[in-house]
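To convert a position in the sequence shown, counted from 1, into this note's numbering, add 192. I have placed the structure first, in the form of structure tokens, so that the comments after it can refer back to it.
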Amino acid sequence: MKLILLGAPGAGKGTVAKMLTAVDGSVQISTGDILRAAVKDGTEMGKKAKEYMDAGKLVPDEVVIGIIKDRLAQPDCQKGFILDGFPRTVPQAEALDKVLAGLKTGIDHVVSIDVDEEALVTRLTGRRTCKNAACGQMYHVEFTPPKKAGICDKCGSELYQRDDDNETTVRSRLATYNQATAPLIGYYSAKGLVRPIKGVGGIDDIFNQIVGIVSAGTGCSCGCKH
Ligand code: ADP
Ligand code: ZN
């Protein structure tokens, strides 16, 4: 599958992207994960990116476009890819179109996950993630707590709270989403690629809706061959 997951921070993009990789071996590409790894490694890019991330602002387009260009050129993307957190601006979407055209491929669907904003604030501020990058399992202190507080059920590693999951930064990330990223729904609607889904149920529900879209070959209700 070749998907873009569009949705506000906390809509469930990262979690469902991981689940979708098991369906057909498509890879998850998360610019947020790649940037966090660069911050952790203390690279030049990471040092610059951290300021933007901590403020809930977008890292400059040229940085993330460079990341995506390199990543999509790697051979494991040939099976398919799930873009999680990219593109986030119209210039990023335009750059992606060019990169994909150069690779003689394109996007099958843009899944737009819709969730109420206040629900997102609660989700994000209670979110905890496994420190082991190979695992990356996510929890919520209230809704999906681990069996033992602060410890991953899956691999036993410690859990942490992302630096940008505090309420102030979360509100800023949501405002950034509404201003810079939400216009992409119009951009991809014009190409007939948008498949809106409701993100209110559990993550399994989101997963099943996406699998339905991917296996039907189209999420469009007009009977066309989008
Ligand atoms: P979320 O979707 O929950 O905000 P991400 O992990 O996707 O989480 O992104 C975290 C931060 O990384 C963003 O707030 C932003 O600063 C930066 N970032 C990630 N992807 C992009 C992108 N495509 N363009 C610009 N900044 C990005
Ligand atoms: Zn773990």
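A virtual CB, placed ideally from N, CA and C, is assigned to each residue, including glycine.
Item, Value
"Measuring CB to CB, does residue 291 end up less than 9 Å from residue 197?", "no"
"Give a single yes or no on whether residue 349 has its beta carbon closer than 8 Å to a heavy atom of the ligand ZN.", "yes"
"Buried or exposed for residue 218, going by 16 or more other Cβ atoms inside 10 Å?", "buried"
"Could you give the DSSP three-state label for residue 250: helix, strand or coil?", "coil"
"What are the boundary residues of the beta strand (DSSP E) that includes residue 331?", "330-332"
"Quick one: Cα of residue 389 to Cα of residue 230, how far?", "32 Å"
"If I measure Cβ to Cβ from residue 232 and keep anything under 8 Å in the same chain, skipping five residues before and after, which residues do I get?", "238"
"Starting from residue 220, trace the beta strand (DSSP E) in both directions and tell me its first and last residue.", "219-222"
"Please say whether residue 206 and residue 224 have beta carbons closer to each other than 9 Å?", "yes"
"For the ligand ZN, any of its heavy atoms closer than 8 Å to the Cβ of residue 506?", "In the structure as shown, the chain starts at 193 and stops at 418, and residue 506 therefore has no counterpart that could be examined."
"What are the start and end residues of each continuous alpha helix (DSSP H) run of 4 or more residues lying completely inside the region 208-293, in chain order?", "223-233, 236-247 and 253-264"
"Classify residue 416 as helix, strand or coil using the three-state DSSP reduction.", "Note on residue 416: pLDDT 49, under 50, position unreliable in the model; no value is reported."
"In this structure, how does DSSP classify residue 197 when only helix, strand and coil are distinguished?", "strand"
"For the ligand ZN, is there any heavy atom lying closer than 8 Å to the beta carbon of residue 346?", "yes"
"Keeping to the same chain, check which residues put their C-beta closer than 6 Å to that of residue 221; ignore five residues upstream and five downstream.", "263, 273 and 275"
"Taking only heavy atoms of the ligand ZN into account, decide whether any of them is closer than 8 Å to the Cβ of residue 328.", "yes"
"Just curious, the beta strand (DSSP E) that residue 319 is in, first and last residue?", "319-322"
"In whole angstroms, what separates the C-alpha of residue 323 from that of residue 248?", "21 Å"
"Specify whether the region 360-376 and the region 280-295 touch according to this definition: at least 3 beta carbon pairs, one from each stretch, less than 8 Å apart.", "yes"
"For residue 306, which beta-bridge partners are listed by DSSP?", "390"
"Rounded to the nearest angstrom, what separates residue 369 and residue 350 at their Cα positions?", "30 Å"
"Buried or exposed for residue 241, please, with buried defined as at least 16 other CB atoms from any protein chain shown within 10 angstroms of its CB.", "buried"
"Determine the direct distance from the alpha carbon of residue 266 to that of residue 358, and round the result to whole angstroms.", "34 Å"
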